[in-house]
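Report on one structure; see the data block that follows.
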Amino acid sequence: MDREAHGTIEVGTKEAKARLPELIEKVEAGETVVITHHGQCVARLVAEPDISRQREVEAPDATLAERDRRLRALFEKWEQEPPAGTWGDDDMHDEHGIPR
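Residues in the sequence shown are numbered consecutively from 1, following the UniProt record's numbering.
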């Protein structure tokens, strides 16, 4: 390989052809590969952004809204019928209203 600086690797076209699998691994690891022909840049290999992460970043409000909707539904269900084994106000106070 010709030059490496700041996460960028520069290689000639013949070397790039011979070492393409290795160069792809380096790109996947976050490095950039610049392919040159007679000293001139002819191509640049860069990693594709993670699409799933990009969607999450672009629409965090939708994710939070869905979580809030689910929590509200769960709390409403618990208000109507508390889960088994939970304490209610009656369990925390005696018949005179004194905390146990």
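Glycine included, every Cβ here is placed at the ideal spot set by N, Cα and C. Quick caveat, the model's predicted, so the values are computed rather than measured.
Of the residues assessed, residue 24 falls on the exposed side of the cut-off, its CB having fewer than 16 other CB atoms within 10 angstroms. The closest CA to that of residue 39, considering only 80, 81 and 11, is found on 11. For residue 28, the enclosing alpha helix (DSSP H) starts and ends at 20 to 28. Distances from the CA of residue 13 to each of 41, 80, 27 and 30 were compared; the closest alpha carbon is that of 41. Nearest C-alpha to residue 45 among 63, 81 and 20: 20. The shortest C-alpha to C-alpha distance from residue 37 to any of 69, 80 and 17 is the one to 17. For a cut-off of 8 Å, the C-beta gap from residue 34 to residue 8 is around 6 Å, short enough to register as a contact.
Taken through DSSP and simplified to helix, strand or coil, residue 43 comes out as strand.
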